[in-house]
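Using numbering that gives the first Met the number 0, read the sequence shown as starting at 0 and increasing by one per residue.
Ideal Cβ placement from N, Cα and C applies to all residues, glycine included.
Small disclaimer: the values here were computed from a predicted structure and weren't measured.
Written out below as structure tokens is the structure these notes cover.
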Amino acid sequence: MGGCYPVTIITDQCLGIKAGIENDFSGKTQHWYCMWHIMKKMPEKVGSAIYRDTEFLKEITSIIWGDDIEPSEFESRWCSILETYELSDHEWLNQLYEMCECWIPAYFRDTYLGGTMRTTSRSKSENSFFENFTNPHLSLVEFWMRYCDNPDFYNFN
0 MGGCYPVTII TDQCLGIKAG IENDFSGKTQ HWYCMWHIMK KMPEKVGSAI YRDTEFLKEI
60 TSIIWGDDIE PSEFESRWCS ILETYELSDH EWLNQLYEMC ECWIPAYFRD TYLGGTMRTT
120 SRSKSENSFF ENFTNPHLSL VEFWMRYCDN PDFYNFN
């Protein structure tokens, strides 16, 4: 890489990737977790009944995506939400809290990310596009026919 290292790498919570980044870029690159991946897991991890609760969703979303709050405010509001919804002993949520410096914008407010933490990346958009009309059992010809027949094909850039 010519002595240059990435300033920031954003990934899912894969321990292998984390170890590789720590090994190869230790002290040179910041490694953060993708909020999109974490939030996608939330309904499964906390239970769909709680996740569908509009107040819970509103409260948790406001502190997770809130880049205008201080870390101390995030911490106190996180604990309050968990207490309110009787989730203080929830293992997955407690693990998220322990690594909040790796994914909550309040902890890296001074780093310019060009919106990468707030929005899904182009690859997520492309994955969503392809998932709408494909499956792993299609032949290449079937895939191409579905791809070209999809009206979004002509609007997708």
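Of all C-beta pairs linking the stretch 93-110 to the stretch 19-34, three or more are shorter than 8 Å, placing the two stretches in contact. The C-beta separation of T28 from I20 comes to about 6 Å, placing the pair in contact by the 8 Å criterion. Going by C-alpha positions, K57 is about 20 Å away from Y106. By the neighbour-count criterion, in which 16 or more other beta carbons inside 10 Å mark a residue as buried, I59 falls on the buried side.
In the displayed model, T10 falls within a strand according to three-state DSSP. Counting only runs that start and end inside the stretch 51-85, the alpha helix (DSSP H) elements of at least 4 residues fall at 53-63, 70-83. For Y146, the uninterrupted alpha helix (DSSP H) run begins and ends at 139-148, by DSSP. Pairing L92 with L81 gives a Cβ-Cβ distance under 8 Å. When beta bridges are read from the DSSP output, Y32 appears opposite T10. Nearest in C-alpha terms to S79, of all of W64, F55, S138, is F55.
Residue environment: W77 is assigned as buried (16 or more neighbouring CB atoms within 10 Å of its CB, all protein chains considered). Around the beta carbon of M98, a 10 Å sphere encloses fewer than 16 other beta carbons of the protein chains shown; the residue is thus reported as exposed. Between V45 and H89 a beta carbon distance of about 7 Å is seen, short of the 8 Å cut, so the two are scored as contacting. Beyond the five residues adjoining it in sequence on each side, G2 comes within less than 6 Å, by CB distance, of no other residue in the same chain.
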